[in-house]
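Following: one structure in structure tokens, then a few remarks.
In my numbering, the protein residues as written are 262 to 489.
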């Protein structure tokens, strides 16, 4: 029996461009037949809804509400909800998995690190670093930057990309450097009807199960451009 998981999802609690709350997102994915969701809200250097005049600890507490509210809803619905971060470096986005709220609170310096430095830190702590929609071309991304030596995987399908060629180029990127391939919906709104995701042969109990599958390149498959 295959299991389907969303790897890239935003909530109105922490992402400034999202209209769906965490509870609404989790309920929606449950209805679509997903087994779980990774909440990856925009971090403070992206399109965040967090008040950046607050202290670092207060900001992190507010940021994690999307995940925490989603986790509560998931527990009630029998859905696995996992924590992630969408981190932005000058318009270039990365999905980070394997950290938690306490870790983020202890590392305010992550806002100032260059991508290879941040990747090294995240991976040294047992996390993984995934390049999200690497070839997206929109007005807020001034340069396409590639970091093949610093990522564990590449998001080769992103449902939020406006042109197929953006995903095709991401596929080329992963193939050229032998990088693990992932997929995500980049979902912000309940009105979205096209989805990505990963397929596994075993249920994911927590984010460490996902990290293990990425590190061993053991995903069963990925979902691409599927209307649900």
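The C-beta atom is built at its ideal place from N, Cα and C for all residues, glycine as well.
DSSP bridge partner residues for residue i (one or two, in chain order)
| i | result |
| --- | --- |
| residue 405 | Answer is none; residue 405 lacks a bridge partner. |
| residue 444 | 418 |
| residue 291 | Answer by DSSP bridge pairing: none, since residue 291 is not bridged. |
| residue 268 | Beta-bridge pairing links residue 268 to no other residue. |
| residue 392 | 355, 415 |
With 16 other Cβ atoms within 10 Å as the buried cut-off, status of residue i
| i | result |
| --- | --- |
| residue 331 | buried |
| residue 351 | exposed |
| residue 442 | buried |
| residue 395 | buried |
Residue i versus the options, residue with shortest Cα-Cα distance
| i | options | result |
| --- | --- | --- |
| residue 215 | 314, 430, 303, 379 | No answer is possible for residue 215: it lies beyond the span of the chain, which begins at 262 and ends at 489. |
| residue 369 | 274, 318, 270 | 318 |
| residue 456 | 489, 395, 439 | 489 |
| residue 436 | 374, 460, 415 | 415 |
| residue 356 | 269, 460, 324 | 269 |
| residue 409 | 431, 484, 284, 306 | 431 |
| residue 407 | 354, 452, 448 | 354 |
| residue 393 | 422, 403, 401 | 422 |
Own chain, CB closer than 8 Å to residue i, minus 5 neighbours either side, in chain order
| i | result |
| --- | --- |
| residue 315 | 323 |
| residue 366 | 317, 318, 321 |
| residue 371 | 348, 365, 379, 382 |
| residue 484 | 265, 418, 444, 456, 457, 458, 459, 460 |
For this session: Let me know the alpha helix (DSSP H) ranges lying completely inside the segment 294–360, each 4 residues or longer, listed in chain order.
Result: 317–324, 326–338
Problem set entry | Entirely enclosed beta strand (DSSP E) segments - the segment 423–487, minimum 3 residues | 441–445, 455–461
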